[in-house]
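Residue numbering for the sequence shown follows the working numbering, beginning at 1093 and increasing consecutively.
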Amino acid sequence: MIQSRRLRAALSLTVLGLVAAVLLSGVDRLTREPIALAEQRRALATLTELVPAARFDNDPVFDRIEQRISGFDQPAVIHRARMHGEPVALIFDVTTPRGYSGDIRLLVALNPAGTVIGARVLSHRETPGLGDKIEVRRSDWIHQFRGRSLNDPQPQRWTSSRRGGDFDTLTAATVTTDAVIDAVRRVLMEASAEDHDLWRQPEE
Ligand SMILES: Cc1cc2nc3c(=O)[nH]c(=O)nc-3n(C[C@H](O)[C@H](O)[C@H](O)COP(=O)(O)O)c2cc1C
């Protein structure tokens, strides 16, 4: 008698567990897309700091391609801003694993000629007071990429001042500094590669 009651309780718990698991996975599936989209929208709000909304008439959230770029573990998402169908800016959403504390995600906007319009860090885990000066609200450091291109400075100077390059080194945050400089340089190299068209229409 007691045993069959225990069995029934165990069965009920199992069924309950299964129902909960199915419900949770359903909720997860339902929310994953909207969360990803909300994240993209947030990133795009930062994008319009770099490329003012009045400069394009398409929706760069959806006008995008994914591209593997050497040096990044995750594929880059490349948003395209267009006006009357004409290229205005490529906005690379990339994550470098080279931070002092791991991943640093940033947006790098380029004009069609391959010049940096601007860059912004979206997320990181660098140390407050040291590496976090890559954030625009903490210092002006990130502005130094504006107007730069693959040949400005010359390739050997596309590194931190600590390594003889043209870019300021954040005090006691050389690793963070180098990670971001390297990421921007990789984006520029990708944009200048001639074996693919980053403006192509997304695959149907
Ligand atoms: C508590 C602590 C936090 C640190 N945070 C960072 C950081 O956010 N970014 C960074 O590049 N280095 C960080 N460092 C590392 C040192 O500042 C490191 O010496 C420096 O980045 C390396 O520079 P160097 O190669 O020019 O000596 C941290 C070190 C300590 C002890």
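We put the CB at the ideal spot given by N, CA and C, even for glycine.
Since the structure is predicted, the reported quantities are computational estimates derived from the model, not experimental observations.
query, result
"Option nearest Arg1133 by Cα separation, candidates Gly1118, Val1119, Arg1121 and Asp1151", "Asp1151"
"Residues near Leu1222 in its chain [Cβ-Cβ closer than 6 angstroms; skip 5 each side]", "Ala1264 and Ala1265"
"Limits of the unbroken alpha helix (DSSP H) element including Ser1284", "Thr1266 to Ser1284"
"Euclidean distance between Cα positions of Gln1248 and Val1169", "27 angstroms"
"For Lys1225 and Glu1125, the rounded distance between their alpha carbons", "32 angstroms"
"Complete runs of the beta strand (DSSP E) confined to the segment 1096-1182 [at least 3 residues]", "1156-1159 and 1168-1175"
"DSSP beta-bridge partners of Leu1199", "Asp1185 and Arg1212"
"Local conformation of Glu1296 per DSSP, three classes", "Note on Glu1296: pLDDT 41, under 50, position unreliable in the model; the coordinate value appears next. If DSSP states are grouped into helix, strand and coil, Glu1296 belongs with coil."
"Sequence-distant residues of its chain with Cβ nearer than 7 angstroms to Gly1206 (five each side left out)", "Ser1241, Leu1242, Leu1280, Ala1283 and Ser1284"
"Segment contact flag, the segment 1098-1107 with the segment 1157-1177, C-beta cutoff 8 angstroms, min 3 pairs", "no"
"Rounded separation between Asp1185 and Leu1199 - CA only", "5 angstroms"
"CB of Arg1217 within 8 angstroms of CB of Gly1194, strictly", "yes"
"Asp1244 (DSSP reduced to helix, strand or coil)", "strand"
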